[in-house]
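Just so you know, the UniProt record's numbering puts 38 at position 38 of the sequence shown, and the rest follows in order with no gaps. In what follows, a structure is listed as structure tokens, so that the remarks can point back to it.
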Amino acid sequence: MPIEQSPERDAALRAALPHVARLGWGRAALRAGLADIGADPESEAWLFPRGAIGAIEAWLDLADRDMAASAEAEGLSAMRVPARIRRLVLLRLEQATPHREAVRRALGRLAFHPGVAIRAAARTADAMWNAAGDASADFSWYTRRASLAGVYGATLAYWLRREDPDLAETAAFLQRRLDDLARLSRRRKRDEPLPA
């Protein structure tokens with residue numbers, strides 16, 4: 001399900017983020033953010049008709065777009081694909097670092113909305129693979145995204161549990177997960193039967 005995008009929604013989300021740590025994901029934070037940018041706080045109702053969970057889903061989509069824009073600006077094409085994926089995950093976490101409490105509160109809300117959580121994770125994995133230049137159109141399209149969603153979810157949980165301002169520990173954890181995934185992939189290919 002595509003997410004409705006508009007400059008007004010993006011501006012409202014960016015303005016609300018500083019308030020989420022104190023007020024949580026809800027009308028109060030959204031209205032406070034709108035007031036900060038000189039918009040009508042009442043516009044929260046039509047910008048986010050699904051309330052807090054809709055705002056969270058829109059914010060995660062915005063974070064995906066911010067990550068892709070930063071990756072494009074960095075020019076990752078000179079890197080090998082595994083290095084691109086690693087950089088994209090770290091970019092996403094670097095951008096989330098000032099909003100760690102908003103991430104924590106969003107995940108708490110998403111625990112009660114598993115459908116939204118799964119859609120958001122799938123969109124993020126897809127955004128990362130697209131930014132990495134993936135052009136697969138076969139079954140590997142699905143397996144790559146499912147694998148990356150698992151790696152990103154584990155890395156996000158690790159990052160949330162630690163104070164890691166330069167992301168060095170988180171980057172090492174991520175690299176171990178990516179190495180595990182590469183080993184598993186090599187083993188699977190080795191064990192595949194030869195064509196008759």
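Glycine residues also receive a C-beta, built at the ideal position from the N, C-alpha and C atoms. The structure presented is a predicted model; accordingly, all values stated were derived computationally and were not measured.
Per-residue burial, residue i [other beta carbons within 10 Å of its own, 16 or more giving buried]
i, result
"TYR152", "buried"
"ASP64", "buried"
"ALA16", "buried"
"ARG145", "buried"
"residue 203", "Since the first and last residues shown for the chain are 1 and 196, residue 203 lies out of range."
"ALA131", "buried"
"LEU184", "exposed"
"PHE173", "buried"
"THR143", "exposed"
"ARG186", "exposed"
"ILE85", "buried"
"ARG87", "buried"
"ASP138", "exposed"
When the options are compared against residue i, the one with the closest alpha-carbon
i, options, result
"GLU8", "TRP25, GLU44, VAL20, ALA21", "GLU44"
"ARG92", "ARG80, ALA125, ALA21, GLN5", "ALA125"
"GLN175", "ARG109, VAL103, PRO82", "PRO82"
"ARG100", "ARG186, SER6, GLN5, ALA21", "ALA21"
"ALA149", "ALA127, TRP159, LEU160", "ALA127"
"GLY108", "SER136, ALA52, ALA137, GLU94", "ALA52"
"SER77", "ASP134, ALA39, ASP61", "ASP134"
"LEU47", "LEU30, ASP36, ASP61, HIS113", "LEU30"
"LEU160", "ALA106, SER136, ASP180", "ALA106"
"LEU23", "PRO165, LEU181, THR155, ARG104", "ARG104"
"ARG50", "ASP180, TRP25, ASP166", "TRP25"
"ASP180", "ILE37, ALA28, SER147, GLU4", "SER147"
"ALA157", "HIS113, ALA182, VAL89", "VAL89"
"ASP166", "ILE37, ALA111, GLU94", "GLU94"
"ALA39", "ALA11, ALA28, ASP61, PRO18", "ALA11"
Bounding residues of the alpha helix (DSSP H) (the contiguous stretch that carries residue i)
i, result
"ARG119", "114 to 131"
"MET67", "51 to 74"
"TRP141", "140 to 161"
"TRP46", "44 to 47"
"ASP36", "27 to 36"
"HIS19", "7 to 23"
"GLU94", "81 to 96"
"LEU110", "100 to 110"
Sufficient close CB pairs (3 or more, under 8 Å) joining the region 110 to 124 to the region 42 to 61: Cβ pair count under 8 Å is three or more, so yes.
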